[in-house]
Amino acid sequence: MSTLESFPFESIANRGSIREADVQQLRRTVYEDGRISPQEAEQLIALNAACPVQDQAWHDVFQEALTDFMVHQAQPSGYVTLENSRWLVSQLAPGGQLASRRDLDLIVHIIDVARWSPQYLVSFAIGQVRDAVCSAQGGLRSPEATPGMIDDADVELVRSIIYAFGGDGNVSITRSEAELLCDINDKLDPSSINAAWTELYVKALANFLLANSGYKVPSREQALRSEAFLETSGEASGLSLVRSITRISLEDINGLYSRQSREECTLERLDREYREMVTGEQLTVDEAEWITARFARDGGLSAPEIALIEYLKENALALDEKVSEVLDRQLNAA
Numbered sequence: 003m004s005t006l007e008s009f010p011f012e013s014i015a016n017r018g019s020i021r022e023a024d025v026q027q028l029r030r031t032v033y034e035d036g037r038i039s040p041q042e043a044e045q046l047i048a049l050n051a052a053c054p055v056q057d058q059a060w061h062d063v064f065q066e067a068l069t070d071f072m073v074h075q076a077q078p079s080g081y082v083t084l085e086n087s088r089w090l091v092s093q094l095a096p097g098g099q100l101a102s103r104r105d106l107d108l109i110v111h112i113i114d115v116a117r118w119s120p121q122y123l124v125s126f127a128i129g130q131v132r133d134a135v136c137s138a139q140g141g142l143r144s145p146e147a148t149p150g151m152i153d154d155a156d157v158e159l160v161r162s163i164i165y166a167f168g169g170d171g172n173v174s175i176t177r178s179e180a181e182l183l184c185d186i187n188d189k190l191d192p193s194s195i196n197a198a199w200t201e202l203y204v205k206a207l208a209n210f211l212l213a214n215s216g217y218k219v220p221s222r223e224q225a226l227r228s229e230a231f232l233e234t235s236g237e238a239s240g241l242s243l244v245r246s247i248t249r250i251s252l253e254d255i256n257g258l259y260s261r262q263s264r265e266e267c268t269l270e271r272l273d274r275e276y277r278e279m280v281t282g283e284q285l286t287v288d289e290a291e292w293i294t295a296r297f298a299r300d301g302g303l304s305a306p307e308i309a310l311i312e313y314l315k316e317n318a319l320a321l322d323e324k325v326s327e328v329l330d331r332q333l334n335a336a
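Laid out in structure tokens, this is it:
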């Protein structure tokens, strides 16, 4: 019998608050037999949602228990599968949106601890930020928030999600991540330029474009590192300001990309196939065709996209031929 069967889930939920004594009791019992059943995991998630008042120690033990259940107890150990990710999302966000930042922190922590996670889970996490920024909806925004605005905290949250998914390897930005970043960028007020967002966006899209043009990518921490000396002050505005931020951002990482050898291409393909087998999620491979259509979706390039393509061409960073041809036409029309 699991020791958690004796934990007073119902009485604590009826009270609506989780006290320090409850946290201590949970910590003593949750690992006494070293296992958490799926039913107990559901009870923990339900208890977290039912109690708006929580002792400050609750978040840590809740995150620890659910991460251990998802990553180490569920099979295959050390990985998160697509099936288990869908279960987690259905429990935390049955209506499609998370209730709080703490729920998102749990998902990011699970992605970070796992060796591999499916794109579905990281896309869901970034999608929560997208909804908050684009429509001011969800648990990450207050009711009075203005749609189309992004601040530095939002940018760092997106960066932390992307870092967590990359793990310790040199994993390029995926199509699903790139699409969500494009969604966010499309909805931002162009008259209110956030330097941190512009930097993250152009670095992430450069990573995606170059990876799909035969380049070996650095780690995500290197590829998306924040340039501490970005400035938005001065007389520059609009496209001129974005060009300046883009140049500073991409010169910071320019030397980190190199052409892949045939052996490296083969190893990357095998790695992708193994990842698909372990997580149970098929990865898309039509990235080159997709990005050309995605950049043209709104009828033209945004200021960060113009600045990004200009920089790549000026520095002779050759893109996939099909991508380059379409982007040239759009750049000339911009």
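Numbering (this note's numbering), first residue to last: 3 to 336. All residues carry an ideal CB built from backbone N, CA and C; glycine is no exception.
Backbone secondary structure at residue i - three-state DSSP
i           : result
residue 263 : coil
residue 55  : strand
residue 322 : coil
residue 294 : helix
residue 193 : coil
residue 235 : Any reading at residue 235 is ruled out, since the residue's pLDDT is 49, under 50, leaving its predicted position unreliable.
residue 173 : coil
residue 37  : coil
residue 227 : coil
residue 240 : helix
residue 148 : coil
residue 44  : helix
residue 10  : coil
residue 99  : coil
residue 284 : coil
residue 143 : coil
residue 209 : helix
residue 153 : coil
Short Cβ contact (8 Å threshold) for residue i with residue j
i           : j           : result
residue 64  : residue 124 : no
residue 129 : residue 100 : no
residue 127 : residue 109 : yes
residue 115 : residue 189 : no
residue 348 : residue 252 : Since the first residue of the chain shown is 3 and the last is 336, residue 348 is not available in this structure.
residue 15  : residue 52  : yes
residue 315 : residue 259 : no
residue 296 : residue 179 : no
residue 195 : residue 243 : yes
residue 20  : residue 57  : yes
residue 206 : residue 163 : no
residue 32  : residue 67  : yes
residue 87  : residue 137 : no
residue 321 : residue 228 : no
residue 262 : residue 303 : no
Supposed contact pair residue j and residue i - C-beta distance, whole angstroms, cut 8 Å
i           : j           : result
residue 305 : residue 149 : At roughly 19 Å, the Cβ-Cβ gap does not stay under 8 Å, so residue 305 and residue 149 are not in contact.
residue 73  : residue 80  : 7 Å
residue 282 : residue 84  : 4 Å
residue 38  : residue 6   : 7 Å
residue 9   : residue 27  : 7 Å
residue 221 : residue 256 : Going by Cβ atoms, the distance from residue 221 to residue 256 rounds to 16 Å, so no, they are not a contact pair.
residue 212 : residue 319 : 6 Å
residue 157 : residue 198 : 4 Å
Strand pairing of residue i, partner residues [DSSP]
i           : result
residue 20  : 56
residue 81  : 118
residue 218 : 260
Heavy atom of the ligand GTP within 7 Å of residue i beta-carbon
i           : result
residue 214 : Absence of the ligand GTP from the depicted structure is noted, as is the absence of any ligand whatsoever, leaving it without description.
Any chance the segment 301-321 sits against the segment 242-253, with 3 or more Cβ pairs inside 8 Å?
yes
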